[in-house]
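Using our numbering, you'd call the opening residue of the sequence shown number 1 and step up by one each time.
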Amino acid sequence: MKITDVRTRPLKLPYKNPLKTAANYFDVATGVLVEIATDEGTRGYGYADVFPRAGETIATAQALIHEVIAPGVIGKSPMEAQLIVEWMEKNLLGNFRAKAAVEMGIQDLRGKATGLPLYELLGGAVRKSVLVMPMIGLQSPERMAEEAETLVDQGIKALKLKIGTGLKEDVQRVQRVRQRVGKEIFIKVDANQAYTVPEALRVARHLEEFEVESFEQPVAAHDWEGMVHLNQNSPIPIEADQTVRTVNDALRAIRLGAAQIITTSPQKAGGILQAKRVADLCQVAGIQCIVSNVAGSLINDAAAIHLIAASVSTTLPCEVGQFERVSGDPARGLIVQDGEIHVPSGPGLGIEVQFPVQS
Ligand SMILES: [Mg+2]
C-alpha cells in the first residue's frame with residue numbers, strides 16, 4: 001500500500017458561544033482538514049488546529065503540507081508511520097500542527113489497513129472510556145458558577161476553570177463554583193501564564209481549601225526556575241502546559257522537577273507518536289499526563305482519545321469533547337455521554353469524515 005495523494009481543506013467552525021481565557025478569545029475554530037489517499041482506495045483523515053499564537057495559520061499549514069511534507073510522504077507506505085515522523089522532524093522545523101495533521105491521517109490509514117482501532121496499534125487499551133473535562137472561560141464568578149452547574153446537570157464530572165485576573169476574583173471564581181457543584185466534582189484551574197511566582201503561590205494557598213486538583217501553567221512558559229519553585233512549594237499540584245511542548249521539554253521538566261502533571265496533545269507535540277512519548281515519559285517518571293484539546297473538528301478528539309486509551313499515565317480527566325462547542329464539523333462518530341466519551345472501536349480513528357466539506 002502506497003500513499004498517492006495528500007489533500008487539504010481550510011475549516012472554520014464557529015463557536016456556539018465565544019470563549020475567553022487569560023491569553024485568548026475564541027469565536028471561531030480555525031483548522032486544516034487533511035485527507036491522505038492510497039493506491040488501494042483507502043482514505044485517512046487528520047486535522048490541524050491552527051492559530052497565530054501557536055505559530056501556525058491555515059495558509060502556513062496548507063503551504064507546508066503541500067510544498068514540503070506531501071513530496072516526502074507520497075510513495076511511502078502508511079505502515080512506515082514512525083519513519084515518516086522522523087523524516088518530518090528532520091526536514092521541517094516547528095509547525096507541529098501541520099505535521100500532526102498528516103501523521104493523524106497516516107495513523108488512520110494504518111488502522112484501516114489492518115482493520116484495527118488505533119489504540120491497538122499504540123500498545124492496546126488500558127481504558128475504554130475517557131472522562132471529559134470541559135473548560136469554563138473567564139467570566140464573573142457568578143456566571144462561571146452558573147455554567148458549571150449547567151454542565152454538571154448534563155452529567156459532567158470534571159471542570160477546568162480559566163483564571164488569571166487577580167487573587168480576589170480568582171478565589172471567588174473557584175469558591176462559587178465549588179459551592180455550586182459540590183465536593184464530588186473534579187476541579188482544576190488554568191492561569192495561562194498570567195501570574196508571577198509570588199502571586200501564583202498566594203493564589204495556590206488560597207485555592208487549597210476548595211480542593212483544586214491541579215494549577216495549570218501559573219507562570220510564563222519560559223520561567224523554568226519559577227515552575228520548579230512552585231512545584232516544590234505549592235499546596236496544590238503544578239501542571240505544565242505551555243512550558244512543555246516537545247518530548248525534550250517533557251524530559252527537562254521531569255529532570256528539573258518542574259511539574260507533577262504534564263499536558264500534552266497531538267497538536268502541541270507534533271503528532272500522536274510524539275504525544276505518546278510524552279505520556280510514556282510521564283509514566284516512567286511517576287507523574288501524571290493530561291491530554292488537552294481546544295474546540296475544533298472531532299478528528300482531533302478521536303486522535304487524543306486513542307492516545308489516552310493506550311497510555312497508562314493519563315488517569316486524570318482529559319480535555320476532550322470540546323467539539324461540542326462548535327458547529328459545522330464534517331466529522332462524526334464521537335459523543336459525550338454522562339460526562340464520558342467511549343473509545344471508538346472502528347478501524348483507525350474510528351470516525352467518519354465528509355471530504356470535500358459540503359456547506
Ligand atoms: Mg492551558
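Ideal Cβ positions, reconstructed from N, Cα and C, are used throughout, including at glycine. Values in this document were obtained by computation on a predicted structure and should not be read as measured data.
Beta-carbon proximity list for residue i, same chain, < 6 Å, skipping 5 on both sides
{"i": "residue 250", "result": "244, 262, 278 and 281"}
{"i": "residue 357", "result": "9 and 330"}
{"i": "residue 359", "result": "Any reading at residue 359 must be qualified, since the residue scores a pLDDT of 47, below 50, and its modelled position is unreliable; the value itself is stated next. Nothing listed; no residue qualifies."}
{"i": "residue 287", "result": "260"}
{"i": "residue 216", "result": "190, 239 and 241"}
{"i": "residue 328", "result": "13"}
{"i": "residue 87", "result": "72"}
{"i": "residue 326", "result": "13, 15, 29 and 295"}
Cβ neighbours of residue i in the same chain (closer than 7 Å, five flanking residues each side left out)
{"i": "residue 353", "result": "45, 299, 330 and 331"}
{"i": "residue 382", "result": "In this structure the chain extends from 1 to 359, so residue 382 is not present and cannot be described."}
{"i": "residue 233", "result": "201"}
{"i": "residue 71", "result": "none"}
{"i": "residue 21", "result": "137, 138, 162 and 192"}
{"i": "residue 172", "result": "141"}
{"i": "residue 18", "result": "25, 26 and 27"}
Selection from the options that minimises the alpha carbon distance to residue i
{"i": "residue 31", "options": "306, 42 and 13", "result": "13"}
{"i": "residue 191", "options": "102, 164, 211 and 209", "result": "164"}
{"i": "residue 23", "options": "3, 260, 53 and 42", "result": "53"}
{"i": "residue 387", "options": "105, 68 and 110", "result": "Only positions 1 to 359 of the chain appear in the structure, and residue 387 is not among them; the question remains open."}
{"i": "residue 226", "options": "253, 247 and 34", "result": "253"}
{"i": "residue 266", "options": "333, 182, 290 and 257", "result": "290"}
{"i": "residue 105", "options": "303, 308 and 315", "result": "303"}
{"i": "residue 442", "options": "168, 152, 199 and 161", "result": "Since the first residue of the chain shown is 1 and the last is 359, residue 442 is not available in this structure."}
{"i": "residue 333", "options": "20, 18, 305 and 66", "result": "305"}
{"i": "residue 219", "options": "129, 194, 309 and 178", "result": "194"}
{"i": "residue 94", "options": "296, 311 and 274", "result": "274"}
{"i": "residue 355", "options": "40, 21, 47 and 19", "result": "47"}
{"i": "residue 112", "options": "228, 312, 256 and 1", "result": "1"}
{"i": "residue 293", "options": "284, 272, 313 and 312", "result": "272"}
{"i": "residue 196", "options": "283, 171, 172 and 223", "result": "223"}
{"i": "residue 188", "options": "179, 276, 174 and 198", "result": "174"}
{"i": "residue 168", "options": "179, 149 and 199", "result": "199"}
{"i": "residue 42", "options": "110, 92 and 17", "result": "110"}
{"i": "residue 55", "options": "209, 264 and 270", "result": "270"}
{"i": "residue 51", "options": "36, 211 and 11", "result": "11"}
Expected contact under 8 Å - CB spacing of residue i and residue j to nearest Å
{"i": "residue 6", "j": "residue 15", "result": "29 Å between Cβ atoms; not a contact."}
{"i": "residue 213", "j": "residue 235", "result": "With a Cβ gap of about 12 Å, residue 213 and residue 235 do not count as contacting."}
{"i": "residue 185", "j": "residue 207", "result": "With 8 Å as the limit, residue 185 and residue 207 do not qualify as a contact, their Cβ atoms being about 15 Å apart."}
{"i": "residue 102", "j": "residue 34", "result": "6 Å"}
{"i": "residue 57", "j": "residue 4", "result": "With a Cβ gap of about 27 Å, residue 57 and residue 4 do not count as contacting."}
{"i": "residue 122", "j": "residue 307", "result": "7 Å"}
{"i": "residue 296", "j": "residue 108", "result": "The Cβ separation is near 16 Å, so there is no contact."}
{"i": "residue 126", "j": "residue 312", "result": "6 Å"}
{"i": "residue 228", "j": "residue 256", "result": "5 Å"}
{"i": "residue 204", "j": "residue 231", "result": "Contact doesn't hold; Cβ gap of about 11 Å is too wide."}
{"i": "residue 100", "j": "residue 65", "result": "With a Cβ gap of about 11 Å, residue 100 and residue 65 do not count as contacting."}
Own chain residues within Cβ distance below 8 Å of residue i, not counting five before or after
{"i": "residue 337", "result": "155"}
{"i": "residue 339", "result": "131, 132, 154, 155, 156, 157 and 158"}
{"i": "residue 341", "result": "129, 130, 132, 301, 305, 320, 321, 334 and 335"}
{"i": "residue 124", "result": "310"}
is_contact[residue i, chain C] using C-beta, thresh 8 Å
{"i": "residue 132", "result": "The displayed structure is made up of one protein chain only, and chain C is not part of it."}
Closer than 7 Å: residue i CB and nearest ligand 2 heavy atom
{"i": "residue 170", "result": "The model depicted lacks ligand 2 and carries ligand 1 instead."}
The region 51-68 in contact with the region 340-348 per 3-pair CB rule at 8 Å: No contact exists between the region 51-68 and the region 340-348.
At least three beta-carbon pairs within less than 8 Å, the region 316-336 to the region 131-143: Segments in contact, yes.
Report yes or no: do three or more beta-carbon pairs, one from the region 74-84 and one from the region 138-147, lie closer than 8 Å? Touching, no, given that fewer than three Cβ pairs across the two stretches are closer than 8 Å.
Runs of 4 residues minimum, wholly inside the region 211-240: which ones carry the alpha helix (DSSP H) assignment? Correct list: 224-233.
Residue ranges of each alpha helix (DSSP H) run of no fewer than 4 residues wholly in the region 268-323, ordered along the chain? Fully enclosed alpha helix (DSSP H) runs of 4 or longer: 272-285 and 298-309.
Minimum length 4: unbroken alpha helix (DSSP H) runs contained in the region 171-209: Counting whole runs of 4 or more residues, the region 171-209 contains the alpha helix (DSSP H) stretches 197-207.
Which complete beta strand (DSSP E) runs does the region 39-76 hold, if anything under 3 residues is left out? Listed in chain order, the beta strand (DSSP E) runs fully inside the region 39-76 are 43-49, counting runs of at least 3 residues.
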